Amino acid sequence: MKIVCRKALLWGLCLGISLFQIHALAQEEEEPEKEESKTWEQTFIDSNIAISKWFDSVAEGLDLFLVGRRVTNRVNESSVRIENLIVSQEGKALNNSVSVGVNPRLPNLEEYWHLKFATYDDREDRRNTPSDYLRQTPREKSYGATVGVFKKLGNVRTSFEPRIELKDPLSVSHSLSFESVARMKGYEINPKLEFWATPDKGVGTFQALNFYFQLSKIWSITLVNQGNYEEKSHLYSVSNGISFGQILTRKSALSYNFFTGSNNQPNYHLESYNFGVAYSQILYRKILDFQVTPNVDFQRTLDFKRVLGITFAINLNF
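With our numbering, you'll find the sequence shown wraps up at 328, consecutive numbering, no jumps.
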């Protein structure tokens, strides 16, 4: 728009045409740009839908092949998520990484178990509390497949997820978790307990007790309290924090976050704290979204010296 206006103004000065003619010319030049933009958007959306339908059809064919018959009429909700993450921190080189998660929902097979593929271990990723609100490092590459069994015991959701990591030699890890959500008027309580085991870290436990308060249609508060114990290193890491959520529009939101990290080595102490503001927006629903998070980090290893940083994540969904 600025380019069109500048051209119109230049022509007006050079040729001496009237302001009315300039305005009409600017409008005429804007129309093709809007049509071209609309065509590009529609092409992008149509391509995404075509790829999604192809992936759904492949997943459905695999589902029926493995089970041999249709045992449910549930809709297939297979998905692929590609995340490009750019992390910039003061004093460090720019870091760019891409991760892929393939979630082939097989409704008939899921009457027995659930299958997932990813370039990272999503279970270990979930144990890293700040990653939900602020990711300062790229996901550790770990190509593998997870077979999950999910059951509800009353109000408790139970899951058992062994994972095979594709490397030489093959590596197998396990996760058994129990999670529940108690919904009250205006707030929720979300406790979770997980027992896990990996070849490199040994066995461990993860505990969480998070609180969510809906203050109004726009504002909310989340209190995060999580801890993770690793048996081989005898390391117990704790994350505590608070997140203020603000809904801006139907497709955009802000969150104002403060998190602290502590551990027990050599004795229990504060290891870090971080202030950040995250802006999230959905560009195309179920297709494209992004998040920008400027933050200020303070680490004990740097004598709690201020370190500025910014994280940009864009996600493509099929």
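In this text, a Cβ means the ideal position worked out from N, Cα and C, and glycines have one as well. A quick note: this is a predicted structure, and the numbers were derived from the prediction, not measured.
With distances taken Cα to Cα, identify the nearest neighbour of residue i among the options.
i: F216; options: E100, V97, K162, S247; result: S247
i: L326; options: F268, F300, N235; result: F300
i: P332; options: Y294, F254, H244; result: Coverage of the chain is limited to positions 11 through 328, which leaves residue 332 absent and any answer about it impossible.
i: L233; options: Y239, S226, E198, K227; result: E198
i: W206; options: T311, W50, P172, I257; result: P172
i: R193; options: F221, I174, I61, V213; result: F221
i: F269; options: L225, D307, N238, E240; result: D307
i: N238; options: P179, S226, K211; result: K211
i: G319; options: K161, K162, K102, E204; result: K102
i: E204; options: K177, E134, D178; result: E134
i: K195; options: S226, K177, D178; result: S226
i: V317; options: E100, T49, W50; result: E100
i: A323; options: G164, W50, N106; result: N106
Pull up the DSSP beta-bridge partners for residue i, would you.
i: F269; result: G251, N284
i: I59; result: DSSP lists no partner for I59.
i: N277; result: Beta-bridge pairing links N277 to no other residue.
i: L264; result: Q256, Y289
i: Q52; result: None, per the DSSP bridge assignment.
i: R193; result: E198
i: E93; result: S109, N325
In its own chain, which residues sit with a C-beta less than 8 Å from the C-beta of residue i, not counting the 5 before and 5 after it?
i: L104; result: I96, V97, S98
i: D313; result: none
i: P209; result: S181, V182, S183
i: V166; result: F188, E189, S190
i: E241; result: K211, G212, V213, G214
i: P42; result: Here P42 scores only 46 on pLDDT, less than 50, and its place in the model should not be relied on; the value that follows carries that caveat. Once the five neighbours on either side are set aside, P42 has no close Cβ partner at all.
i: R310; result: H279, L280, E281, S282
May I ask which residues mark the beginning and end of the beta strand (DSSP E) holding residue i?
i: F205; result: 197 to 208
i: D299; result: 298 to 309
i: H244; result: Taken as a continuous stretch (DSSP letters only), H244 belongs to no beta strand (DSSP E), as it is neither H nor E.
i: A103; result: Premise fails: A103 is in no beta strand (DSSP E) and is neither H nor E.
i: E175; result: 173 to 175
i: N220; result: 212 to 224
i: G164; result: First-last for G164: undefined, no H or E at that position.
i: F322; result: 315 to 327
i: S183; result: 181 to 189
Only counting the same chain, and skipping five residues up and downstream in sequence, which positions put a Cβ closer than 6 Å to that of residue i?
i: K202; result: E189, A218
i: T303; result: L144, G286, A288, T321
i: I257; result: I228, A263
i: S230; result: Q224, G255
i: V108; result: N94
i: I61; result: F328
i: F170; result: V159, L186
i: N235; result: L219, N250
i: N200; result: V191, N220
i: E38; result: Reliability of the predicted coordinates at E38 is poor, the pLDDT of 42 falling under 50, and the value obtained from them is presented with this limitation in mind. If we look at E38 and ignore the five residues flanking it on each side, it has no Cβ neighbours.
i: Y283; result: T270, F308
i: K162; result: none
i: K315; result: none
i: N274; result: Y246
So, at 7 Å on beta carbons, what are the nonlocal neighbours of residue i in its own chain, with the 5 sequence-adjacent residues on each side left out?
i: S272; result: V248, Y278, H279, L280, E281
i: Y294; result: I55
i: N7; result: Coverage of the chain is limited to positions 11 through 328, which leaves residue 7 absent and any answer about it impossible.
i: S89; result: N113, N327, F328
i: Q31; result: Its pLDDT being 39, under 50, Q31 is placed unreliably by the model, and the measurement read from it follows with that caveat. Closer than 7 Å at Cβ, skipping near neighbours: no residue.
- Touching by the beta-carbon criterion (3+ pairs, under 8 Å), the region 281 to 291 and the region 249 to 265: yes
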